[in-house]
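At position 77 of the sequence shown (counting the first as 1) the number is 77 in this note's numbering, and the numbers step up by one without a gap. Down below is the structure, laid out as structure tokens.
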Amino acid sequence: MKRTDLSNIMRRAWALFRTTGKTFSVCLSKAWGLYRLTRWMRAGVVRFAYEKADGTLRRACGTLQDIAATIKGTGRPDDGRTVKYYDIEAAGWRSFKVENLITVY
Numbered sequence: 001m002k003r004t005d006l007s008n009i010m011r012r013a014w015a016l017f018r019t020t021g022k023t024f025s026v027c028l029s030k031a032w033g034l035y036r037l038t039r040w041m042r043a044g045v046v047r048f049a050y051e052k053a054d055g056t057l058r059r060a061c062g063t064l065q066d067i068a069a070t071i072k073g074t075g076r077p078d079d080g081r082t083v084k085y086y087d088i089e090a091a092g093w094r095s096f097k098v099e100n101l102i103t104v105y
């Protein structure tokens, strides 16, 4: 792990703490979970679940490995509030808010 990784995890934990109002320990564990999720998605396909904007549960199968051919435009800049991934089942790009991650399985 690089020093910048730890810095990004702490930055994301503090942002979650400010936006959600949950205890810092909960926000820190969620930030670590998001870090592990993105690291595993860079290595292969990962199954995870998150809450959609309408309140329903979404079970996703996503990856960030070998997806360069699917990128069509420049997209929006990463603001740290969302996680972008390529959905294998839907064959398209999806994203979710970091505070809505439920579990990785």
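C-beta: ideal position from N, C-alpha, C; glycine also.
For G123, which three-state DSSP category applies?
The shown model of the chain, from 1 to 105, leaves out residue 123, and the question about it has no answer.
At which residues does the alpha helix (DSSP H) containing I9 begin and terminate?
R3 to T20
I need the straight-line Cα distance from F24 to A31, nearest angstrom please.
F24 and A31: Cα-Cα distance of roughly 10 Å.
Below 8 Å CB to CB, which residues in the same chain sit around E99 once its five sequence neighbours on both sides are set aside?
L16, T19, T20 and K30
Below 8 Å between beta carbons: does that hold for G55 and D87?
no
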